[in-house]
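For what it's worth, this note's numbering labels the leading residue of the sequence shown as 1, then goes sequentially.
Don't be surprised by glycine CBs; every beta carbon is placed ideally from N, CA and C.
If you're wondering where the values come from, they're calculated on a predicted model, not measured in any experiment.
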Amino acid sequence: MRAVAVSAFGEQPQLMELPQPEPGPGEVLVRLAAAGLNPVDWKLADGMFGDAVPAEFPLVLGSDGAGEVLAIGSGVRRFTIGDAVFGQFQRPERGGGSYCELAVADEERIAHAARSVTYATSAAVPTAGMTAYNLVEETRIAEGRRVLIVGATGGVGTFVTQLAAGRGAEVIATARPAKAELMRTLGAAETVDHTAGSIADQVLANHPDGVDVLIDMTSGPTEFAGLTRTVRDGGTAVSLIGSADADELTEHNLRGFNFVNRPSPQLLEILAGHVDAGRLTVLVGREVSLEEAPDALATSRTGRAQGKTVLAI
């Protein structure tokens, strides 16, 4: 089968011909139609997680994918051959991922795909969607809360914006002027141009009483600490990239933490339901072929990718 993989950490991803995997107990073999590209994919390829992630090589890249169940292992109860599914396929310790034609997934890491959208759309949901849902849950976003989302135009940010607005929160989203209208259509009550000066100053100028929740996808420790002055006494500040100092935040009477995602098949089912009900719009920036995956990863590394990239397999 065709797959995009690396032969060692730090090596360039390339298209390879690899043996077809077989499902074991509790596993499902899926003929993938699409794979979603996430920054974690190239970070894994670069070896950025060190010894924390044991890997077998060649290592197929990619976590997110969607396709049709081709075979099931013993003990599988939730799926049958022919089911349309989506979820997470990355298994570095066994060299498996989603940038390939056939992939094995643990039964507990996939779910039935949304019926109203294409496989390409479903493949863009798992990691970003589950991250966003868990963020909204863990920061206790509800009606009447004011939420500042920094990095709002990315995959996770667009989902958080929609989910928070759907719960009745007032969302302030960072966005360049060209993306401001898009963020408003997704539910943002207001946008802040992060290229036009201090985000904190702009927010506090419009809202001197501050925000209840800060969700920051992009800022380093110093920038994150500066943004926490927008958060009301007793509010919540969370970083997705490890920039929060929980002890320092506690000293300022803020609840703060560095977010760690907790994926589950139940979350995937909830997200599929939101998509089918029209409560969640999935933004796919572009679709590329499997052969173009190495170039798409290189673009993601630069931080200049526009919207979610999906590989059509």
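Using the three-state DSSP reduction, which class does residue i fall into: helix, strand or coil?
i    : result
G151 : coil
R286 : strand
F159 : helix
S320 : The structure shown does not extend to residue 320, since the chain is modelled only from 1 through 313, so no value can be given for it.
R91  : strand
I313 : coil
I72  : strand
G10  : coil
L61  : coil
V4   : strand
L204 : helix
G67  : strand
G96  : strand
Between which two residues does the alpha helix (DSSP H) carrying residue i extend?
i    : result
G273 : P265 to D276
S300 : A293 to T302
E181 : P177 to T185
G226 : P221 to L227
E137 : P126 to E138
L102 : Counting along the chain, L102 falls outside any alpha helix (DSSP H), though it belongs to the beta strand (DSSP E) covering L102 to D106.
I81  : Looking at the DSSP string, I81 is not in any alpha helix (DSSP H), and its letter there is neither H nor E.
N38  : Careful: N38 lies outside any alpha helix (DSSP H) and carries neither H nor E.
Nearest to residue i by alpha carbon, out of the options?
i    : options                   : result
A169 : N258, I149 and Q202       : I149
V310 : R31, G62 and Q266         : G62
V4   : T127, I110 and S289       : S289
Q20  : S7, A8 and R2             : R2
F49  : P13, A35 and P92          : P92
L70  : V30, V284, G303 and P58   : V30
E143 : A164, Y119 and A237       : A164
D209 : G235, G157 and A196       : G235
A120 : E68, A8, N134 and Q202    : E68
I110 : M217, E269 and R279       : E269
H112 : A35, C100, T131 and G82   : G82
V160 : A180, R140, L135 and N258 : L135
L32  : D51, A84, L254 and G155   : A84
E248 : L240, R229, R262 and I241 : R229
R262 : F224, Y133 and P294       : Y133
D216 : D201, V6, H207 and A237   : A237
A105 : V192, F57, V211 and E27   : E27
So residue i and residue j are in contact, right, with Cβ under 8 Å, and what is the actual spacing, rounded?
i    : j    : result
E108 : P265 : 6 Å
G73  : S98  : About 18 Å separates the two Cβ atoms, so there is no contact after all.
L227 : L214 : 6 Å
By the DSSP assignment, the beta strand (DSSP E) with residue i in it spans what residues?
i    : result
T250 : No beta strand (DSSP E) holds T250; the alpha helix (DSSP H) holding it covers A246 to E251.
M217 : M217 -> no beta strand (DSSP E), and no H or E assigned at all.
Q14  : Q14 to E17
V192 : E190 to V192
I314 : Outside the displayed range of the chain (1 to 313) lies residue 314, so it cannot be described from this structure.
A110 : The sequence shown places Ile at residue 110, rather than the Ala named in the question. Start and end: I110 to H112.
K196 : With the sequence shown as reference, residue 196 is identified as Ala, and Lys is not the correct amino acid for it. A196 -> no beta strand (DSSP E), and no H or E assigned at all.
G235 : V231 to S239
R255 : R255 to N258
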